[in-house]
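As structure tokens, the structure follows; a few thoughts come after it.
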Amino acid sequence: MRYAVKLLLFITIILLVSQEARSEEGSFSGQWEQIHSNASVREKCHVGIIRQGRFMRISASNGWSAIAETSSYGNAAYAAGMGRWSSYVEKYSQKAFYILLAVRGDRLMVIMKAEKADGSNQLIKTLFSRRTAKPLYDKR
1 MRYAVKLLLF ITIILLVSQE ARSEEGSFSG QWEQIHSNAS VREKCHVGII
51 RQGRFMRISA SNGWSAIAET SSYGNAAYAA GMGRWSSYVE KYSQKAFYIL
101 LAVRGDRLMV IMKAEKADGS NQLIKTLFSR RTAKPLYDKR
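In the numbering used here, the protein residues as written are 1 to 140.
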């Protein structure tokens, strides 16, 4: 009996430690900066993601926002959802789009299926890197 209790305690500790390490692997939440896109964009896009359970809210600096859902409440590497372009983005003004997100380490891949003004579909593929906090002043 004593052996079983020690074994259960050991397994519980291992699971708790490994869950903490895994939770860092696939974290969507945070600030992301564009490093590549197939869209003809003049300036880099910055994205902010706030995750609450299985759902996340995505806001972009270039005029779109979306809601996506993961398959689990815990660590997830993929999410899918819907979004809409702002009215001030002429090319896609007020158009809805599908969005797929995949995270691996400090990289986030976003694929959007958007409808252009002429009715044709366009796949926009963008790669982001996690933004690191920059100090307010340099101590040099």
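Glycine is no exception: its CB is placed at the ideal position from the N, C-alpha and C atoms.
Among the options, nearest to residue i - alpha-carbon criterion
i	options	result
ILE142	ASN75, ALA117 and PHE128	Only positions 1 to 140 of the chain appear in this structure, which leaves residue 142 out of reach.
MET56	TYR92, HIS36 and ALA102	ALA102
SER27	TRP64, SER86, GLN94 and ASN75	ASN75
GLY119	GLY105, ALA96, ASP106 and ARG104	ALA96
ILE50	GLN94, SER65 and HIS36	SER65
LEU123	TYR78, GLY105 and LEU100	LEU100
Chain-order list of residues whose beta-carbon lies under 6 Å from that of residue i (same chain, five-residue window excluded)
i	result
ASN38	LYS125
GLN31	GLY48 and ARG131
ARG54	GLU69, THR70 and TYR73
CYS45	GLN34, ALA60, SER61 and ASN62
SER86	GLY63
Minimum Cβ-Cβ distance from residue i to chain B less than 8 Å
i	result
MET56	Here there is only one protein chain, and chain B is not present.
Residue i burial status per 10 Å Cβ neighbour count (16 or more: buried)
i	result
ARG22	Caution applies to ARG22, whose pLDDT of 43 falls short of 50 and renders its modelled position unreliable; the value that the coordinates give is listed next. So ARG22 ends up on the exposed side.
ALA60	buried
GLY83	buried
LEU108	buried
ALA117	exposed
Helix, strand or coil at residue i according to DSSP, with G and I counted as helix
i	result
LYS113	strand
TYR73	coil
TYR92	helix
ARG104	strand
ARG54	coil
GLN19	Since pLDDT at GLN19 reaches only 46, below the 50 mark, its modelled position is unreliable, and no value is offered.
PHE28	coil
Rounded Cβ spacing between residue i and residue j (contact assumed at less than 8 Å)
i	j	result
LYS113	TYR98	4 Å
Cβ neighbours of residue i in the same chain (closer than 8 Å, five flanking residues each side left out)
i	result
ASN121	LYS113, ALA114 and GLU115
Same chain only: Cβ atoms within 7 Å of residue i, ignoring 5 sequence neighbours per side
i	result
ALA77	GLY26, ALA102, VAL103 and ARG104
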